[in-house]
Amino acid sequence: MILVSACLVGVRCRYDARRCEIPEEVRNALKEGLCLVPVCPEQLGGLSTPRPKNDLTWRRAKPTVINEEGRDVTPEFLSGAEETLKIARLVGAKRAIFKSRSPSCGEEGVATKLLLKGGIEVEVINAEKKD
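For the sequence shown, the UniProt record's numbering assigns the number 1 to the initial residue and increments by one for each residue that follows.
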């Protein structure tokens with residue numbers, strides 16, 4: 001089992017509700033018959049789609065996420081990361097394929113950091129917007 005950012009399999013869960021092209025890494029995993037479990041940490045944390053853009057900063061190993069409207073959405077990001085880790089453990093995932101440039105799933109993302117801390121390997125990949 002491999003967790004995958006839901007937006008990377010065409011689910012309209014990005015902040016702007018646009019779809020992403022399904023990247024080659026995901027298509028290859030599907031061709032190999034691997035079971036992919038789509039997750040969107042931001043939705044799992046209770047955020048809507050579409051939603052305002054969010055800005056992530058780290059200070060003393062603690063994240064702060066403020067949306068473009070000035071609202072602190074750190075609790076939602078932390079909750080979504082925790083729920084994502086619960087799903088990984090529930091399905092026995094040892095690996096995740098996440099989308100870059102995301103405050104949840106990017107290389108410095110809240111969910112990425114928690115999964116790594118929980119022993120899950122995370123590959124962060126680029127994906128182009130589709131529409």
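For every residue, glycine included, the Cβ atom is placed at its ideal position computed from N, Cα and C. As the structure is a computational prediction, the values presented were derived from the model and not from experiment.
Could you pull the start and end residues of the beta strand (DSSP E) that residue i belongs to?
i, result
"Ser79", "Per DSSP, Ser79 belongs to no beta strand (DSSP E); it is in the alpha helix (DSSP H), 74 to 91."
"Glu123", "121 to 125"
"Thr64", "62 to 67"
Please work out which residues of its chain come closer than 6 Å, Cβ to Cβ, to residue i, disregarding the five sequence neighbours upstream and downstream, and give them in chain order.
i, result
"Ala81", "Pro41, Val110, Ala111, Leu114"
"Thr64", "Thr57, Thr74"
Taking just the CA atoms, how far does residue j sit from residue i?
i, j, result
"Ala6", "Val39", "5 Å"
"Val91", "Gly119", "14 Å"
"Glu32", "Asp72", "41 Å"
"Leu47", "Glu76", "7 Å"
"Glu83", "Gly45", "7 Å"
"Arg27", "Arg95", "16 Å"
Out of the options, point me to the one whose CA is closest to residue i's CA.
i, options, result
"Leu56", "Leu116, Ile66, Cys35, Ala127", "Ile66"
"Thr49", "Arg95, Arg60, Lys62, Asp16", "Asp16"
"Glu24", "Leu116, Ser104, Pro103, Ile97", "Ile97"
"Ile2", "Glu68, Ala88, Pro52", "Ala88"
"Cys35", "Asn54, Ala93, Ser79", "Ala93"
For residue i, which residues from the same chain have a beta carbon less than 8 Å from its beta carbon, with the 5 sequence-adjacent residues on both sides left out?
i, result
"Ser100", "Gly106, Glu107, Val124, Ile125, Asn126, Ala127"
Terminal residues of the continuous alpha helix (DSSP H) containing residue i?
i, result
"Val26", "24 to 31"
"Thr112", "110 to 117"
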